[in-house]
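Beneath this line is the structure, given in structure tokens, with notes to follow.
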Amino acid sequence: MTTIKPAPPGHLPFDATFRATFRDLVLWRRDVRRFRRDPVPEELLDNLIELATHGPSVGLSQPWRFVKVKSPQRRQIVCESFAAANDDALREYEGTQRANYASLKLAGLKEAPVHLAVFADESTTTGSGLGRQTMPETLRYSVVAAVQTLWLAARAEGLGMGWVSILDPIAVTRALDVPADWTLVAYLDLGWPAEEHLDPELERHHWEARHYTGDLVFER
Ligand SMILES: Cc1cc2nc3c(=O)[nH]c(=O)nc-3n(C[C@H](O)[C@H](O)[C@H](O)COP(=O)(O)O)c2cc1C
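Just so we're aligned, residue 1159 is where the sequence shown starts under my numbering, counting upward by one.
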């Protein structure tokens, strides 16, 4: 793992150029489902995971657990789970929406060189329960925060990442042989993207439109 020293206080490069670049990073992050098959260096993946662990976590509980899914057999089970769940999902739609759903590519599991499962360790005592007495779900939210950091960090490296939730979490968790107290939060596929887009695929394929931010902000 490469250790890059953080900038000292007073020298943080968070200037206007950085802010514009950061905005570009956020806008150009995509859920990627089309990957080239060339490998991702292990050290790069490790560095991304390490960066993700600097995300916020309730009570500093750091409940994230990352599983690099390398076994072809286990990957195959995940691919089969996706295929079955996707077929089931398709049956929930009708008419043109069903045809549109069927035309969408909703995972790149077969092509992606990296499969990464991210769990929340529900039994962790790290943080001594601080912040989650009344909202225990914040443990999982903390894992989501790490995933988002990973997503942006991957994009900054030119690496694409997709989040696949069209899966049976019980089957996937069983296939990965992890401790019973771990809850699957995210199943991610990563690799070099075959294409780049500024707009979400689901928007491009008229599945859903982006909301105007002004409609999402309220005052009370
Ligand atoms: C929790 C979560 C689960 C998702 N699961 C899937 C999935 O199973 N398949 C898929 O194609 N995209 C999945 N996505 C990606 C979303 O479809 C995508 O983020 C959204 O359409 C916006 O596109 P963008 O990420 O390119 O901006 C998921 C995203 C999130 C946050």
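We treat Cβ as the ideally placed atom computed from N, Cα and C, and that holds for glycine.
- Listed by position in the chain, the residues whose beta carbon lies within less than 5 angstroms of some heavy atom of ligand 1 are ARG1188, ASP1189, LEU1264, TRP1321, VAL1322, SER1323, ILE1324, PRO1358 and LEU1360.
- Per the coordinates, the alpha-carbon of ASP1196 lies some 16 angstroms from the alpha-carbon of ALA1312.
- Within the DSSP bridge table, the entry for ALA1275 names VAL1225 and TYR1345 as partners.
- Taken through DSSP and simplified to helix, strand or coil, GLY1287 comes out as coil.
- TRP1365 is positioned such that its CB atom lies closer than 8 angstroms to that of ASN1258.
- Three or more pairs of CB atoms, one per stretch, sit closer than 8 angstroms, so the segment 1277-1285 contacts the segment 1329-1349.
- Residues of the same chain with a CB within less than 6 angstroms of the CB of GLN1220, apart from the 5 flanking positions on each side, are THR1284 in chain order.
- By the neighbour-count criterion, in which a residue is buried when 16 or more other Cβ atoms sit within 10 angstroms of its Cβ, ARG1249 is exposed.
- Within the model, the alpha-carbon separation for HIS1355 versus TRP1186 is close to 7 angstroms.
- Unbroken beta strand (DSSP E) stretches of 3 residues or longer found wholly inside the segment 1293-1366: 1318-1321 and 1340-1349, given in chain order.
- Inclusion of LEU1262 and LEU1348 in the CB contact set at 8 angstroms is not warranted, their separation being larger than that value.
- Within the same chain, Cβ atoms closer than 8 angstroms to the Cβ of ILE1235 are found at ALA1329, VAL1330 and ALA1333, the five residues on either side in sequence being excluded.
- Between SER1300 and the set GLY1217, ALA1178 and PRO1166, the nearest pair of CA atoms involves GLY1217.
- Each of PRO1214, SER1323, ALA1243 and LEU1202 was checked against the Cα of THR1161, and the nearest Cα belongs to LEU1202.
- The Cβ-Cβ distance between LEU1183 and LEU1310 falls below 8 angstroms.
- In the three-state scheme derived from DSSP, where H, G and I count as helix and E and B as strand, ASP1189 is classed as strand.
- A direct Cα-to-Cα measurement between ALA1367 and LEU1374 gives close to 14 angstroms.
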